[in-house]
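Trainee: Got a structure for you, questions after.
Numbering (our numbering), first residue to last: 13 to 318.
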C-alpha cells in the first residue's frame, strides 16, 4: 500500500535537501531530542523499537509503517548499533565533507544504551525488526544507490551509463566472486551477532511463513524475509507487539528515491542472466540455506539463470 507523505516525512525530505548549515543545525537539534527520548525510555523501562538491517531492503517503508501503527514506543531506523562503527562513519563523513546521517548518531546513542542493558536487562525487551533479502537483488540495488562509486569507469560525461556495460559489471562480480565471502552473506555473523549478541543461526527459521520471532532476555527480534514482506510484515509485527493484525499495514515509502537510474536498474533486473553454477554457489551459503527453502532457492535460481 502506498501513502501520502506525513509531516514528519516531508520535514525529513526538506532537511535532507537543505543547505549544509541548515542541515547541521537541524541534525544537532534532532540528536539532542533522540538522546533524551532514548534515555527516558531506558529509565522508564519502556521498550525501544529498532528497524535494524543493512540497506536496500525496505527499511524506510518499515519505519513509516511502524510509526503509522501508533505503537506507543519510540521507533528508530538504524544500520549499525556499534559505537565503533558509528564513530567510524561519522569521522569519514566529516573527513570527506559529507553530511552526517542521522542513523550514524542514532547508532552511537543506542549502542551506548545496549551496553548498559547487557548488565541490567530491561523489564520489557526491546523490539528489533530485521528484514533480509535475496543477495543478488540487494547487490544490484546497492550498486545503483551509488553509481558514481561502483560505475566510475563506465559513466559518460553526462552521467549516463550504458545498459550493456551495466550488465557486464554485475556479471563480473556475480560470476567471479566467492559469495561465501560477501558482506551480505555474512552480515548476521559479522554485524548482527557482534552488535546484539544474538546468534540467529541457533534459532530455526520458518521458511514457509517467511518470518520468525526470537525471544531473548534483552530483545524480541522479528526476522522477516523480504520475499514474504506483503504478508509476513502484518503477521510478524502483530505477534511481536501483541496487537490486532488489522492495526498493522505495510506502507511503501522511500524518502530519498532517485529515479535517474530506475529504468536502467529495471533493465538489469530483467535481463541479467547468470550461469546456473554461479547461482548454485550463491544459494549454497550458510545464509541462504538457513533462510530459504529448497523451493524458493529453485525459483531464485531460475529467475537469475533463466
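Positions of the beta carbon are idealized from the N, C-alpha and C atoms, including for glycine.
With a CB to CB cut of under 7 Å and the five nearest residues on each side skipped, what residues in its chain are close to residue 175?
Mentor: Residues 276 and 279 of the same chain have their beta carbon placed closer than 7 Å to that of residue 175, with the five preceding and five following residues left out of the count.
Trainee: When DSSP labels each residue in this structure, what does residue 163 get in the three-state scheme?
Mentor: The DSSP-derived three-state label of residue 163 is coil.
Trainee: I need the DSSP call for residue 261, collapsed to helix, strand or coil.
Mentor: coil
Trainee: Suppose you measure from the CA of residue 200 to the CA of residue 245; what does that come to, to the nearest Å?
Mentor: Each residue's alpha carbon lies about 20 Å from the other.
Trainee: So what's residue 176 in DSSP terms, helix, strand or just coil?
Mentor: helix
Trainee: By how many angstroms is the C-alpha of residue 285 removed from the C-alpha of residue 184?
Mentor: 12 Å
Trainee: When you compare the region 44 to 60 with the region 105 to 125, are there three or more beta-carbon pairs, one atom per stretch, that lie closer than 8 Å?
Mentor: yes
Trainee: Should residue 170 go down as buried or exposed, given a rule of 16 or more other Cβ atoms within 10 Å for buried?
Mentor: exposed
Trainee: The alpha helix (DSSP H) that contains residue 313, what's its start and end?
Mentor: Counting along the chain, the alpha helix (DSSP H) containing residue 313 begins and ends at 306 to 317.
Trainee: Here's the rule: buried if 16 or more other CB atoms are within 10 angstroms of the residue's CB, otherwise exposed. What is residue 303?
Mentor: Buried.
Trainee: Return the first residue and the last residue of the beta strand (DSSP E) that residue 139 is part of.
Mentor: Counted as a single uninterrupted DSSP element, the beta strand (DSSP E) harbouring residue 139 occupies residues 138 to 144.
Trainee: Please classify residue 207 as buried or exposed, where buried requires at least 16 neighbouring CB atoms within 10 angstroms.
Mentor: The C-beta of residue 207 has 16 or more other C-beta atoms within 10 Å across all chains shown, which makes the residue buried.
Trainee: Quick check on the DSSP output: the alpha helix (DSSP H) that includes residue 253 runs from which residue to which?
Mentor: 241 to 253
Trainee: Pick out the complete alpha helix (DSSP H) segments inside the region 74 to 107, 4 residues or longer, and give them in chain order.
Mentor: 95 to 107
Trainee: Whose CA, out of 65, 293, 78 and 96, lies closest to the CA of residue 237?
Mentor: 65
Trainee: Does the region 154 to 172 come close enough to the region 245 to 264 that 3 or more CB-CB pairs lie under 8 Å?
Mentor: no
Trainee: Where does residue 52 sit, in a helix, a strand or coil, going by DSSP?
Mentor: helix
Trainee: Cα-Cα, which of 240, 297, 291 and 317 is closest to residue 142?
Mentor: 240
Trainee: With 16 other CB atoms within 10 Å as the buried threshold, where does residue 45 fall?
Mentor: exposed
Trainee: Buried or exposed, going by whether 16 or more other CB atoms sit within 10 Å of the CB of residue 114?
Mentor: buried
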